[in-house]
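Here is the structure we will look at, set down as structure tokens.
In the working numbering, the protein residues as written are 203 to 732.
So, in structure tokens, the structure goes:
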């Protein structure tokens, strides 16, 4: 045990060296990095970056921005930094966490994204101009993840500001995707947000779809929303029935279930971690070990791995230091304590140090076969990869708090408990304290007032009605669903003739197309000659 503890401390020091070796101009280039500093214990740098953000950020600029990326990086990073700022020694204003400069910045950034949601379906465009809104010629085709990856940030923002518009649009987008699934329960890769028609019909758990599933689970945990979890569990059944083979997950045609792409994508390595969040530890570990064998084969995860051939895919041999496998290792180690997961962390630190370290940072590996480097470093390396590695080797980090300690904060709405643990990471590894969503009670108080009025109204209506043949439910009244509120999967099945919940789905033995026939990723088709 002492040796393992010393090993953890040594790896933790190595990981700190990874972050501290960044030149200053790289370290301050993204607001998301400030959160990493706080988790790694560099409070002074966190405070400095917060000051830089407040003094220099302006969202009134004529720039076309990805709605998805702006949300997960900017809105998510600002919300997380806002909620961590007091712990980092930043002087907060009266009313925090229900007010503050970083929260106002997050709200301003999110409002710039709202025009993208003004579509006939409620599913957002992929790009918006921060000054002018959606460009007239903007393509209506958006990937599934770009539609279903808002509920964590937008629900948090609605809870802290009291403005329900953010959570409403995120829920509408989620519901429209749910309603668009195929009769065998799968969703495709790209959809037209104006017509609701699927453009790319490859179904899987990887690129273009991944964080949609992730946010159903994390949104359910964050909001204690059983309907979101029920939706994911329905998807999970279909995914296991049609895409899982020997604890690998392939890509299939969303309507037929036939295999379209027998590859493992490095982005899919988040899945074991997500499985651990729903308690499916055995399946998670089996899939994780499959992915770990690929890591050991190459010293990293190639973007595409041909499962039948057991080798990389042409032109997809690179490893941009992605975090997903390390993220899963962190979650699974918290759940199991299995030392195999620490071995992956050790291998990751040593590989990155040996292969990727250069004078100005850590370079993307262009080709895992010969370890050639590319002249770039992705921002998610600092925001996610380093962070998850550190948390894997730091069992006492405040992020892992089990509720034994907490902070009591006085807000305009009463006493609030923060920092008790249970942090929910957004898909860019920015932690959100779920307790903070209960600190700013404006929305709940207004809901209770409306609920009391409506209860009285329906009580009078029942007493006056002489023709009602159905017995009214005598339980606690629940307000009618407003736009953006989910009805359960079961209710959807009553209104749709052919849904997953209504069918007896048998396990499918899928005929496989020749691997060289096509590769589809993010709606693009790569032929043999590409």
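Ideal Cβ placement from N, Cα and C applies to all residues, glycine included.
None of these values were measured; they are calculated from a predicted model.
Close Cβ partners of residue i (< 8 angstroms) along its chain, the five nearest in sequence each way excluded
i	result
residue 504	468, 496, 514, 515, 518, 519, 520, 521, 570
residue 630	234, 274, 275, 278, 279, 582, 585, 586
residue 281	304, 305, 308, 355, 358, 359, 362, 632, 634
residue 351	270, 273, 274, 413, 414, 416, 417, 629
residue 321	327, 342, 395, 396
residue 539	none
residue 302	284, 287, 294, 295
residue 382	389, 393, 398, 400
residue 639	357, 358, 361, 362, 424, 425
residue 256	303, 304, 307
First through last residue of the beta strand (DSSP E) which encompasses residue i
i	result
residue 507	506–508
residue 617	616–620
residue 463	461–463
residue 337	Element bounds for residue 337: n/a, residue is neither H nor E.
residue 610	609–613
residue 628	That residue, residue 628, is in no beta strand (DSSP E); it is neither H nor E in DSSP.
residue 323	Unbroken run through residue 323: none, as it is neither H nor E.
residue 331	329–331
7 angstroms CB neighbourhood of residue i in its chain, flanking five on each side removed
i	result
residue 478	486, 533, 534, 537
residue 263	332, 333
residue 427	421
residue 317	330, 335, 336
Alpha carbon of residue i to alpha carbon of residue j, nearest angstrom
i	j	result
residue 543	residue 529	11 angstroms
residue 285	residue 471	28 angstroms
residue 437	residue 369	22 angstroms
residue 250	residue 366	32 angstroms
residue 690	residue 531	Unreliable positioning characterises residue 690 in this predicted model, as indicated by a pLDDT of 46, which lies under 50. The coordinate reading is nonetheless provided below. Cα to Cα, residue 690 sits roughly 32 angstroms from residue 531.
residue 440	residue 387	6 angstroms
residue 592	residue 339	44 angstroms
residue 450	residue 616	49 angstroms
residue 574	residue 599	35 angstroms
residue 491	residue 612	46 angstroms
residue 459	residue 283	42 angstroms
residue 345	residue 422	22 angstroms
residue 353	residue 420	9 angstroms
residue 448	residue 618	47 angstroms
residue 526	residue 432	24 angstroms
residue 488	residue 594	19 angstroms
residue 558	residue 259	31 angstroms
residue 561	residue 443	48 angstroms
residue 292	residue 550	33 angstroms
residue 315	residue 375	13 angstroms
residue 391	residue 614	44 angstroms
residue 482	residue 434	13 angstroms
residue 335	residue 606	46 angstroms
residue 493	residue 466	8 angstroms
residue 398	residue 425	27 angstroms
residue 261	residue 364	22 angstroms
residue 498	residue 300	47 angstroms
Contacts around residue i, its chain only, beta-carbon distance under 6 angstroms, and the 5 residues preceding and following it disregarded
i	result
residue 266	329, 331
residue 510	464
residue 319	326, 371
residue 524	468
residue 624	636
residue 578	566
residue 699	In this prediction, residue 699 has a pLDDT of 42, which is less than 50 and means its spatial position is unreliable; what the coordinates show is noted afterwards. Excluding sequence neighbours, residue 699 sits near nothing in its chain.
residue 475	529, 530, 533
residue 323	378, 395, 398
residue 500	570
Residue interval of the alpha helix (DSSP H) (run including residue i)
i	result
residue 477	473–479
residue 419	412–425
residue 438	428–444
residue 307	303–315
Beta-carbon separation (whole angstroms), residue i vs residue j, contact threshold 8 angstroms
i	j	result
residue 756	residue 327	Because the chain spans 203 through 732 in this model, residue 756 falls outside it and cannot be assessed.
residue 371	residue 379	The pair is not a contact, with the Cβ atoms about 13 angstroms apart (cut-off 8 angstroms).
residue 403	residue 456	5 angstroms
residue 405	residue 454	5 angstroms
*asked:* For a minimum of 4 consecutive residues, which ranges assigned as the alpha helix (DSSP H) are wholly contained in the region 252–301?
replied: 278–286
*asked:* Runs of 3 residues minimum, wholly inside the region 563–598: which ones carry the beta strand (DSSP E) assignment?
replied: 567–569
*Which parts of the region 496–548 are runs of the beta strand (DSSP E), unbroken and 3 residues or longer, counting only runs that do not cross its ends?*
506–508
*Unbroken beta strand (DSSP E) runs of length 3 or more, entirely within the region 337–405: which are they?*
343–345, 392–394, 400–402
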